[in-house]
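Residue numbers (our numbering): 1 to 211.
What follows is the structure, given as structure tokens:
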């Protein structure tokens, strides 16, 4: 009876329940177990369902810069490998004409793209929602820099890589964007397809520190 009803119901009146699934769902139990052990010097958690938009534009175009600032709350950073803070968003420099805009909290998918794309109007710019293809993982603890150095080639000394900066790199075989957020705490943007691998190898590396 239900199927017959759906078949005869006008398309505009049909509703489908959509359940969001974390990119780290397959390792949720492993992450939870790590939290329960309270491992000294290291903690990891996923920050799922963040809005993440790839933006391309020309910083010399006032129309682009003004439209961006009106929506996000700040101008795109011009200095390489830096982060600008907006109204509920962080803007990560990826290149001279490319940025990641990431929400600071879980939001409805596509929310930022729906605001940015029309705001650009005729400006030579683009905003593409890529949130479904990535997730954000936070790590914290006194030994996080040592841990990251095992699979990341960057110089992570706190005098050189600190809050307000970001960098594209790798952790072993996973491509990442690494963001210091204060002290020994980092947020890491990782592709959805690498999320399971990244979390497992991160926890393996953390376990070796404790041995």
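Glycine included, C-beta positions come from ideal geometry on N, C-alpha and C.
Legend entry - residue 163 in three-state terms, based on DSSP: Position 163 of the chain shown, counting from 1, holds the residue named residue 163. Residue 163 falls in the coil class under three-state DSSP.
Legend entry - Same chain, Cβ closer than 6 Å to residue 187, neighbours up to 5 away in sequence not counted: Numbered from 1 along the chain shown, position 187 holds the residue referred to as residue 187. The residues are 136, 138, 179 and 181.
Inset, instruction - Name the residue from 183, 172, 177 and 201 whose alpha carbon lies nearest to the alpha carbon of residue 157. - result: Mapped onto the chain shown, residue 157 falls at position 157. Checked all of 183, 172, 177 and 201; the closest Cα to residue 157 is 183.
Legend entry - Outcome for residue 177 when other beta-carbon atoms lying within 10 angstroms are tallied against a minimum of 16: Position 177 of the chain shown, counting from 1, holds the residue named residue 177. Label assigned to residue 177: buried.
Legend entry - Spatial distance of residue 88 from residue 52 (CA atoms): As a first step, residue 88 is located in the chain shown; it is residue number 88 there, counting from the start. As a first step, residue 52 is located in the chain shown; it is residue number 52 there, counting from the start. Each residue's alpha carbon lies about 12 Å from the other.
Inset, instruction - Go ahead and pull the three-state DSSP assignment for residue 98. - result: Walking along the chain shown from the start, residue 98 turns up at place 98. If DSSP states are grouped into helix, strand and coil, residue 98 belongs with the strands.
Inset, instruction - Kindly provide the ranges of any alpha helix (DSSP H) runs that are 4 or more residues long and lie completely inside the segment 66-152, ordered along the chain. - result: 111-120 and 144-149
Inset, instruction - Tell me whether residue 198 sits in a helix, a strand or coil according to DSSP, three-state version. - result: The residue labelled residue 198 in the question sits at position 198 within the chain shown. Residue state, collapsed to three classes: helix.
Legend entry - Per-residue burial, residue 112 [other beta carbons within 10 Å of its own, 16 or more giving buried]: Numbered from its first residue, the chain shown carries residue 112 at position 112. By the neighbour-count criterion, in which a residue is buried when 16 or more other Cβ atoms sit within 10 angstroms of its Cβ, residue 112 is buried.
Legend entry - 7 Å CB neighbourhood of residue 169 in its chain, flanking five on each side removed: Counted from its first residue, the chain shown places residue 169 at position 169. Excluding sequence neighbours, residue 169 sits near 152, 153, 154, 176 and 178.
Inset, instruction - List the endpoints of the continuous beta strand (DSSP E) containing residue 183. - result: In the chain shown, residue 183 corresponds to position 183, counting from 1. Element bounds for residue 183: n/a, residue is neither H nor E.
Legend entry - Contact belief for residue 71 with residue 109 at Cβ below 8 Å, rounded distance in angstroms: What you label residue 71 is simply residue 71 of the chain shown in a count that begins at 1. What you label residue 109 is simply residue 109 of the chain shown in a count that begins at 1. Contact flag wrong, Cβ pair sits at about 17 Å.
Inset, instruction - Consult DSSP for residue 22 and reduce its assignment to one of helix, strand or coil. - result: Position 22 of the chain shown holds residue 22. Three-state result, residue 22: coil.
Inset, instruction - Work out the CA separation of residue 123 and residue 74 for me, nearest whole Å. - result: Here residue 74 is taken as the residue at index 74 of the chain shown, counted from 1. Here residue 123 is taken as the residue at index 123 of the chain shown, counted from 1. Straight-line Cα distance between these residues: approximately 18 Å.
Legend entry - C-alpha gap between residue 105 and residue 90, whole angstroms: The residue labelled residue 105 in the question sits at position 105 within the chain shown. The residue labelled residue 90 in the question sits at position 90 within the chain shown. One C-alpha to the other measures close to 11 Å.
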